[in-house]
Each structure stands twice: as C-alpha cells, then as structure tokens.
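This report refers to the structure that appears directly beneath it.
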Amino acid sequence: MTRTLKSPNDVRIVAVVGSGVIGIGWILHYLRMGLEVRAYDPAPIARTRISEMVAMSWPIMEELGLRTGARMGNLVIAESLANAVATADVVQEAAPEDVKIKTQLFADIDAVAPASTIILTSTSGISMTLIQADCANPGRTATGHPFNPPYLIPLVEVLGGEQTDPEVVEWTMEFYRTFDKYPVFLEREVPAFIASRLQEAMWREALHMIAAGEATVEMIDDCITEGPGLRWVVTGPVMNFHLAGGPDGMKHVLDHFGPTLKEPWTRLIAPELTDELRAAVIDGCNRESAGRSVDEMVLDRDRAIIAVMKARRESAEAATRRRSR
Ligand SMILES: NC(=O)c1ccc[n+]([C@@H]2O[C@H](COP(=O)([O-])OP(=O)(O)OC[C@H]3O[C@@H](n4cnc5c(N)ncnc54)[C@H](O)[C@@H]3O)[C@@H](O)[C@H]2O)c1
30 MTRTLKSPND
40 VRIVAVVGSG
50 VIGIGWILHY
60 LRMGLEVRAY
70 DPAPIARTRI
80 SEMVAMSWPI
90 MEELGLRTGA
100 RMGNLVIAES
110 LANAVATADV
120 VQEAAPEDVK
130 IKTQLFADID
140 AVAPASTIIL
150 TSTSGISMTL
160 IQADCANPGR
170 TATGHPFNPP
180 YLIPLVEVLG
190 GEQTDPEVVE
200 WTMEFYRTFD
210 KYPVFLEREV
220 PAFIASRLQE
230 AMWREALHMI
240 AAGEATVEMI
250 DDCITEGPGL
260 RWVVTGPVMN
270 FHLAGGPDGM
280 KHVLDHFGPT
290 LKEPWTRLIA
300 PELTDELRAA
310 VIDGCNRESA
320 GRSVDEMVLD
330 RDRAIIAVMK
340 ARRESAEAAT
350 RRRSR
C-alpha cells in the first residue's frame, strides 16, 4: 500500500500506551523533545505514579537539555485509550510483555487511531508479525525496542512484521533519529533482537552461578561494573576482543583463544527458576541496595550515565583533534 507519511519533523503528538517503567521513560523522553504527550494506562495507581515520576525525573531532563517548548505541562493523562490516541501522530506502546495483551491492544489502537498514525511497540522480543495479526491496518505497525531508561539510553532496535509496509520501517528509523535516538534496523525478525539476546546470555550465566553457589549477586555485579563493563561503554564486545589481541588484533585472539570456545565455560540452557534461586537473587539485590530505594538508585544511575556519556563524547572529540593535528 502506498501511504502519505508526514515528515518526522512535523510530529507534534505522541501517545504512550502503558505507563510502567518503560512507558514513563518514553513519556519523559518525548516531553524533553518538546512534543505533546498523551499517556494511557488502565491501572488505578497510574495517574499518581506517572505524575510523581515525571516530576522526580524532570531535573535529569533539564540536565540532558530541553528542546524548544519542552515542559512537563505538555503531558495529558487520558482517561481512555481512544482519547489518548485520537490525535496522536505516533503511538508508542509499552504494555506488559504478553503476546495476548499486545495483540489485542494493537487491534484496539488500530481501530481508534487516525489512519495516518504510526503504531510502535516497545516489545523486548515478541514477534511484530504476531502483535499486528489482528489489526485491520497492520502496514502502519512496527517495533521500536528501547533500553531502560528510554530517556537516556540512545539505542532503539527497529523492525517490521510480515505485514509492515517497508516505508513505515524507514519512517520509524527517521522518526527516532529526529528525536535523538540511535535506531538500528533489523532486516529480519530475530527472536529477542540483538541487544536483549546478548543480555539474556549473560543473565542466564549469572542465574546459573547464583543457583550453583559459585557467585553472589554482589560478585556478579562487581565483576561487570569494575571489569569489562567499563570497556563496553567505549567498545562493543567484538571490538573489545580485537583490542585485546596485540598488534594482530582479532586474528591473534581467534587463533589463541579459539580452542577454549569448546571448553564447557558456559551453560547457556535456561536454569530452573526455583524458589531458592528466586530468593537468592532478590536477597542479593536487597543486600547490594543497602537500604536505598529503587527511585533513589535510579537517580544516582542516571547521573552516572550522563557523566559517562559526557566523558565519552569529550574523549572522542579529543581523539579527533589529535588525529587532525
Ligand atoms: N523494563 C525494561 O527494562 C524494558 C526494556 C525494554 C523494553 N521493555 C518492554 O516494554 C514493555 C513494558 O515493560 P515495563 O518494564 O515498562 O513493564 P511494567 O510492568 O513496568 O509496565 C507495564 C504497564 O502496562 C500497563 N498495562 C497493563 N495492561 C495494559 C493495557 N491493556 N493497556 C495499556 N497499558 C496496560 C500496566 O498497568 C503497567 O503500568 C514490555 O513490552 C517490555 O518487554 C522493557
């Protein structure tokens, strides 16, 4: 189908459907971008939670820099799904990760949103082909998978389902670029996409080590934040190995460490989430939190990520200056 899509620069209103951790993150991001935001969430507590979280995190938005016209007052919390999406240029869905809920929700949004509205899901891994299955107009639906918190982490994985119009995927890429995100286009519907799949591999290892009593929650977190995590901020996991191979880089790494790939170092089959394992992980997180609330730790985390991003940018600029001398 040929559709007329407005320029992403002309997007004025974004509806965020589902306002939990990710939905509130999107609300903050789009408000910071100077857009009008309509939020909808059926939970009775949602209105209070959205207002509190937006007010609490606004100083972080100011620190990141507000686009012209950006203000908290551009948020309207709608009483119904239909009201939320009625005038939206884009809908960013962030409801629970459940294929039945998302498929129904997409059919509902598709039925009430204007024909020109683009509808995007935040799913971490559910196939867009399934989510769009009951839509009358599936061509305008696509996946825009963010990373927590969406107002800070630039990456969005973008892909369509079998019925998505190719130009809608292209438009979605441009839309995210226009509003300060770093979209990566996936040509195929890879289950769990790229980044979640990498994260899941490590998460499974962590749960195995806790279940087997080989490591505590604190040891696992320290081993990343004081170790490879610092490098991953600058180089991805592949380039990281290339830089660890001496002058021959990856060639040396593969020849040197290649044989160990066959060692049983990893056990990438999902562990059984027993009551004991569940308790050990939750207890470990409580110990590591040392009495701090999640909200407090979120603010500390955000400030630290902003500082890291700033340092990374300055370092890259300094390297460019050095090379051009
Ligand atoms: N948490 C993460 O780190 C993360 C990262 C990237 C993507 N995601 C994806 O974002 C989506 C939301 O995840 P979350 O972590 O914010 O979940 P969450 O449980 O924090 O929030 C989900 C919200 O959806 C609301 N909801 C329930 N039914 C709804 C409906 N029919 N319509 C609208 N809203 C409804 C709930 O009241 C709740 O506020 C999921 O698809 C998830 O996979 C999560």
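Position one of the sequence shown corresponds to residue 30 (my numbering), numbered consecutively onward. No residue lacks a Cβ here, since even glycine has one placed at the ideal position from N, Cα and C. Quick caveat: nothing in here was measured; it's all calculated off a predicted structure.
Residue span of the alpha helix (DSSP H) that contains residue i, given as start and end
i	result
V114	110 to 114
H205	Rather than His, the amino acid found at residue 205 in this sequence is Tyr. Segment 195 to 207, the alpha helix (DSSP H) holding Y205.
T132	128 to 141
E247	246 to 254
K35	Run containing K35: none; DSSP gives neither H nor E here.
R260	257 to 261
L159	157 to 160
I298	First-last for I298: undefined, no H or E at that position.
P266	266 to 271
Where residue i sits in the DSSP three-state scheme
i	result
R228	What sits at residue 228 in the sequence shown is Gln, not Arg. Looking at Q228 - three-state DSSP - the assignment turns out to be helix.
F222	coil
R350	helix
R67	strand
A44	strand
V105	strand
I335	helix
R96	coil
T77	helix
L290	helix
I89	helix
M62	coil
R316	helix
Bridge partners - residue i, DSSP secondary structure assignment
i	result
L188	T172
P179	P179 pairs with nothing; no bridge assigned.
I56	DSSP, once it has assigned bridges, lists no residue as partnering I56.
T150	E122, T172
N- and C-terminal bounds of the beta strand (DSSP E) containing residue i
i	result
E122	119 to 122
P212	211 to 214
Which listed residue (the options) has its alpha carbon closest to that of residue i
i	options	result
Y205	R32, T349, V187, R217	V187
L215	R260, R233, A235, S156	S156
I138	T158, R341, C164	C164
S36	M90, S145, H285	S145
V391	S344, T172, V45	Because residue 391 is not part of the residues shown, which for the chain are 30 to 354, the question remains open.
G154	N166, V141, A171, T295	A171
R226	V198, A299, R330, R100	A299
Is the number of C-beta pairs between the region 115 to 128 and the region 89 to 97 that are closer than 8 Å three or more?
Contact between the region 115 to 128 and the region 89 to 97 is absent, because fewer than three Cβ pairs lie under 8 Å.
At a cut of 8 Å, does the region 160 to 179 reach the region 49 to 62 through at least three beta carbon pairs?
These segments touch.
Cβ contact (3+ pairs, closer than 8 Å) linking the region 35 to 42 and the region 64 to 77:
Contact holds: three or more Cβ-Cβ distances are below 8 Å.
When the Cβ atoms of the region 227 to 236 are set against those of the region 85 to 92, are three or more pairs found closer than 8 Å?
No, because fewer than three Cβ pairs between the region 227 to 236 and the region 85 to 92 fall closer than 8 Å, the two stretches do not touch.
Segment contact, 8 Å Cβ cut-off, at least three pairs: the region 271 to 283 with the region 191 to 210
The region 271 to 283 and the region 191 to 210 do not touch, with fewer than 3 CB-CB distances between them shorter than 8 Å.
Decide yes or no for the touch test of the region 304 to 321 against the region 240 to 260: beta carbon pairs closer than 8 Å, at least 3 of them.
Between the region 304 to 321 and the region 240 to 260 there are three or more C-beta pairs closer than 8 Å, enough to call the two in contact.
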